[in-house]
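Asker: Mind the numbering: the sequence shown is residues -27 to -1, 1 to 423 in mature numbering (1 follows the signal peptide of the UniProt record, and there is no 0), read in order. I am attaching a structure below and will ask some questions about it afterwards.
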Amino acid sequence: MRRRVGAFVGLLVVAAIATQPPPAALAQPEAILEGRAVLPADTFAGEPPSGSKLEDETKGGRTPPFEGQPVGGISAVLEAGDGEFQAMPDNGFGKKGNSSDFQLRTYRIRPDFETAKGGSGEISYGEFVQLRDPDRRIPFEITNEDLEDRLLTGADFDIESVRREAQGGLWFGDEFGPFLLHTDATGRVLEAPIPLPDVKSPENPNLEAEEEPTLPTSKGFEGMAISEDEGTLYPMLEGALEDDQEASRRYVYEFDLGSKSYTGERWQYRVEASDNSIGDFTALGGGRFLVIERDNEQGEEAGFKKVYEVDLNREDSEGYLVKEEVLDLLSIRDPDRISGPGREGDIGLGDPFSFPFQTIESILPLGDGRLLLLNDNNYPLSAGRNPDQPDDTEAIIVRTGALSPSPTEMPGTGGPPLLVLAGSVLVAVVGAAWMLLQRRVTAVAVRRYP
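The structure is reproduced here in structure tokens:
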């Protein structure tokens, strides 16, 4: 009997140990810089020239117009296979009025990351996808309205996010509408831009003369995730709606790719400060998502650049998504010193390493706790790494142990995550064992002390 009682007690001890939270849940582990690669600020992909409508004569020591199309301003990134990525610049120079000579494209890039084992630390670029509307799907006037190819420009849309659907086509999230823009894999527009119901920015081409915009300038779709089954998009607004009394609220919407319509479902995300912005929103797997949240500062003034994990099935008592901090981009360990040396005046290189850029708008999970991040260098306007130089495009790989274990389901499926299910089974087994143990002990007591 002592052996049996001991076995049950042992089972209880093992169960107790198994249900304890992992160390990562008790203390956030350090983030480690594993790789870094740089694309120089002055990188251009041939004609046509650009920047002719920049208001100031000189920006960042560079005088427009520029010799070609800048390869920078990266606001979204997709895997392209074989160590390459599909990188998407935004609308060019930040405004509808100064970006009509900036062509909307995605570029295939190949970073040769500098790591502890070597690597050049350079980024090369190759072919690009040109967005265009030769079939006249867009119902409002565009910059190249009367040209045969009708190439799209930064005065037509401010694309800030992109996702690839199962059929290979591309969906872009835009800030001017905000719109969802659908193209084939070559960038050919397939249908009219899809507006967000009841939301219009000041740049929306459908805004009536006396109509008040419901969304501020440059606060449209900044991030956009796609579900694991590639059937649903989750576009996220960068800023708050005009009439929202809660200035720290940001909305995530649900868009069904089958019906090509919004479902009416939306989630609330609360930023840490009301003037913080969303940088990106991407799926991590198992119903979990990553959010880049940032302030609007750069360089020595940068104070808040973080990555959070959210689960669309987890909300707090006020109905906001529960946030778990994953990464502080201003405090990353670089024990192998792969980030240095830099130029005179560079900041944030060495150990610790920081990513002190105004706009950080691309994040891609690589697996095994590794994240790829890129900055939007706003060529030639941003100077976060060096106050005397326009920012390069930097791609970094960071390993963090702060990501939670992956459950199995996407939001809305109704079933519990795998870990919760396993925990429930374990609790049931332990409970049954404890009841059986109590019966055994009681029986022994009765036999010994009648």
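Beta carbons are placed, not taken as given, at the ideal position from N, Cα and C, and that holds for glycine.
Short of 6 Å in beta carbon distance, which residues of its chain neighbour Leu346, apart from the five on each side in sequence? Order them along the chain.
Answerer: Position 373 of the sequence shown, counted from the start, is the residue given in the question as residue 346. Closer than 6 Å at the Cβ level, and outside the excluded window around Leu346, lie Ile336, Ile369.
Asker: How big is the Cα-Cα spacing for Asp74 and Gly41?
Answerer: Here residue 74 refers to the residue found at position 101 of the sequence shown. Here residue 41 refers to the residue found at position 68 of the sequence shown. Rounded to whole angstroms, Asp74 to Gly41 spans 10 Å at the Cα level.
Asker: In chain order, what residues of the same chain lie with their CB nearer than 6 Å to the CB of Val295, ignoring the 5 residues before and after it?
Answerer: Numbered from its first residue, the sequence shown carries residue 295 at position 322. Only Arg287, Asp289 meet the Cβ criterion.
Asker: Pick helix, strand or coil for Lys249, following the three-state DSSP scheme.
Answerer: Reading the sequence shown from its first residue, position 276 is the one you call residue 249. In the sequence as presented, Lys is not what sits at residue 249; that position holds Asn. Note: Asn249 maps to coil in three-state DSSP.
Asker: Extract the residue ranges of the beta strand (DSSP E) inside the segment 39 to 87, only unbroken runs of 3 or more that lie entirely within it.
Answerer: 47 to 54, 57 to 62, 78 to 85
Asker: Contact check, Leu302 vs Leu344 under 8 Å by CB: the rounded distance?
Answerer: To locate residue 302, count along the sequence shown from 1; it is residue 329. To locate residue 344, count along the sequence shown from 1; it is residue 371. That pair is no contact at about 10 Å.
Asker: Is Glu176 helix, strand or coil when you go by DSSP?
Answerer: As a working note, residue 176 is residue 203 in the sequence shown. Coil.
Asker: Reducing DSSP to helix, strand and coil, say where Gly272 ends up.
Answerer: In the sequence shown, the residue the question calls residue 272 occupies position 299. Helix.
Asker: State yes or no: is the C-beta of Arg223 within less than 8 Å of the C-beta of Ile251?
Answerer: As a first step, residue 223 must be located in the sequence shown, where it is residue number 250. As a first step, residue 251 must be located in the sequence shown, where it is residue number 278. For Arg223 and Ile251, yes; Cβs fall inside 8 Å.
Asker: Measuring only the C-alpha atoms, how far is Leu6 from Gly70?
Answerer: Translated into the one-based positions of the sequence shown, residue 6 becomes position 33. Translated into the one-based positions of the sequence shown, residue 70 becomes position 97. Near 39 Å, if we compare the C-alpha coordinates of Gly70 and Leu6.
Asker: How do the segment 191 to 199 and the segment 137 to 154 stand: do at least 3 beta-carbon pairs fall below 8 Å, yes or no?
Answerer: yes
Asker: With three or more beta-carbon pairs closer than 8 Å as the criterion, would you say the segment 122 to 136 touches the segment 84 to 92?
Answerer: No contact exists between the segment 122 to 136 and the segment 84 to 92.
Asker: What does a CB cutoff of less than 6 Å around Arg239 pick up in its chain, not counting 5 residues either side in sequence?
Answerer: As a first step, residue 239 is located in the sequence shown; it is residue number 266 there, counting from the start. The answer, listed in chain order, is Tyr224, Tyr226.
Asker: Between the alpha carbons of Pro(-7) and Ala220, how many angstroms are there, rounded?
Answerer: For the purposes of this step, residue -7 is identified with residue 21 of the sequence shown, where counting begins at 1. For the purposes of this step, residue 220 is identified with residue 247 of the sequence shown, where counting begins at 1. Confidence at Pro(-7) is low in this model, with a pLDDT of 46, below 50, so its placement is unreliable and the value that follows should be read with caution. Taking C-alpha positions only, Pro(-7) is separated from Ala220 by approximately 35 Å.
Asker: With Pro208 as the anchor, note down where its beta strand (DSSP E) starts and where it stops.
Answerer: Start at 1 with the first residue of the sequence shown, and residue 208 comes out as number 235. Start and end: 205 to 210.
Asker: So which of Pro329, Leu104, Val102, Ile132 has the shortest CA-CA distance to Arg267?
Answerer: The residue you call residue 267 lines up with position 294 of the sequence shown. When each option's Cα is compared against that of Arg267, the closest is Pro329.
Asker: In or out: Ala375 buried (at least 16 other Cβ within 10 Å) or exposed?
Answerer: In the sequence shown, counting from the first residue as 1, residue 375 sits at position 402. By the 10 Å Cβ count, Ala375 comes out buried.
Asker: Along the beta strand (DSSP E) that carries Asp341, what are the first and last residues, could you check?
Answerer: Translated into the one-based positions of the sequence shown, residue 341 becomes position 368. Element bounds for Asp341: n/a, residue is neither H nor E.
Asker: If you draw a straight line from the alpha carbon of Gly276 to that of Gly91, how long is it in whole angstroms?
Answerer: Numbered from 1 along the sequence shown, position 303 holds the residue referred to as residue 276. Numbered from 1 along the sequence shown, position 118 holds the residue referred to as residue 91. The alpha-carbon atoms of Gly276 and Gly91 are separated by roughly 31 Å.
Asker: Near Asn348, which residues of its chain fall below 6 Å by C-beta distance, leaving aside the five closest residues on each side in sequence?
Answerer: To locate residue 348, count along the sequence shown from 1; it is residue 375. Only Phe330, Ile333, Glu367 meet the Cβ criterion.
Asker: Starting from Lys278, follow its DSSP beta bridges and name the residues at the other end.
Answerer: Counted from its first residue, the sequence shown places residue 278 at position 305. Partner(s): Arg267.
Asker: Apart from the five residues just before and just after Arg121, which ones in its own chain have a Cβ nearer than 7 Å to its Cβ?
Answerer: Counted from its first residue, the sequence shown places residue 121 at position 148. One detail in the question is off: residue 121 reads as Glu in this sequence, not Arg. Answer for Glu121: Pro107, listed in chain order.
Asker: Please identify the residue among Ala213, Ile111, Thr36 whose C-alpha is closest to the C-alpha of Thr156.
Answerer: Start at 1 with the first residue of the sequence shown, and residue 156 comes out as number 183. That would be Ile111, whose Cα lies nearest to the Cα of Thr156.
Asker: In the DSSP assignment, the beta strand (DSSP E) including Gly146 goes from what residue to what residue?
Answerer: On the sequence shown, residue 146 is found 173 positions in, with the first residue counted as 1. Boundaries of the beta strand (DSSP E) harbouring Gly146: 143 to 147, taken from the DSSP string.
Asker: Should Gln218 go down as buried or exposed, given a rule of 16 or more other Cβ atoms within 10 Å for buried?
Answerer: Reading the sequence shown from its first residue, position 245 is the one you call residue 218. Looking at its Cβ environment, which holds fewer than 16 other Cβ atoms inside 10 Å, Gln218 is exposed.
Asker: Pull up the distance between the alpha-carbon of Leu322 and that of Phe113, whole angstroms please.
Answerer: Sequence index remark: in the sequence shown, residue 322 carries index 349 (1-based). Sequence index remark: in the sequence shown, residue 113 carries index 140 (1-based). Approximately 47 Å between the Cα atoms of the pair.
Asker: When DSSP builds the beta bridges, which residues end up paired with Lys32?
Answerer: Numbered from its first residue, the sequence shown carries residue 32 at position 59. Paired residue(s): Arg35.
Asker: Please report the distance separating the alpha-carbon of Asn117 from that of Arg306.
Answerer: The residue you call residue 117 lines up with position 144 of the sequence shown. The residue you call residue 306 lines up with position 333 of the sequence shown. Going from the Cα of Asn117 to the Cα of Arg306 covers about 48 Å.
Asker: In the DSSP assignment, find the beta strand (DSSP E) that holds Leu12 and state where it starts and stops.
Answerer: Position 39 of the sequence shown, counted from the first residue, corresponds to residue 12. Unbroken beta strand (DSSP E) run through Leu12: 5 to 12.
Asker: Can Pro189 and Glu164 be called in contact, C-beta distance under 8 Å?
Answerer: Against the sequence shown, residue 189 aligns to sequence position 216. Against the sequence shown, residue 164 aligns to sequence position 191. Against a cut-off of 8 Å, the Cβ pair of Glu164 and Pro189 comes out as no contact.
Asker: Report yes or no: do the segment 352 to 359 and the segment 244 to 263 share at least 3 C-beta pairs separated by less than 8 Å?
Answerer: no
Asker: Along the chain, where does the beta strand (DSSP E) containing Val102 start, and where does it finish?
Answerer: As a first step, residue 102 is located in the sequence shown; it is residue number 129 there, counting from the start. Val102: member of the beta strand (DSSP E) spanning 95 to 103, first to last residue.
Asker: Rounded to a whole number of angstroms, what is the C-alpha to C-alpha distance between Glu298 and Ser48?
Answerer: Along the sequence shown, one-based indexing puts residue 298 at 325. Along the sequence shown, one-based indexing puts residue 48 at 75. Their backbone Cα atoms lie some 22 Å apart in a straight line.
Asker: Cα-Cα, which of Ala53, Pro37, Thr126, Val11 is closest to Lys76?
Answerer: As a working note, residue 76 is residue 103 in the sequence shown. Lys is not the amino acid found at residue 76; the sequence shown has Gln there. Considering only alpha carbons, the answer is Thr126.
Asker: If you drop the 5 nearest sequence neighbours on each side, which residues of the same chain put their C-beta closer than 8 Å to that of Asp319?
Answerer: Stepping through the sequence shown from its first residue, residue 319 is reached at position 346. Excluding positions up to five away in sequence, the list reads Arg358, Asn359.
Asker: Contact defined as beta carbons within less than 8 Å: I believe Ala128 pairs with Ser72. What is the distance between those atoms, to the nearest angstrom?
Answerer: Here residue 128 corresponds to residue number 155 of the sequence shown, with the count starting at 1. Here residue 72 corresponds to residue number 99 of the sequence shown, with the count starting at 1. The distance from the Cβ of Ala128 to that of Ser72 is about 5 Å, consistent with a contact at the 8 Å cut-off.
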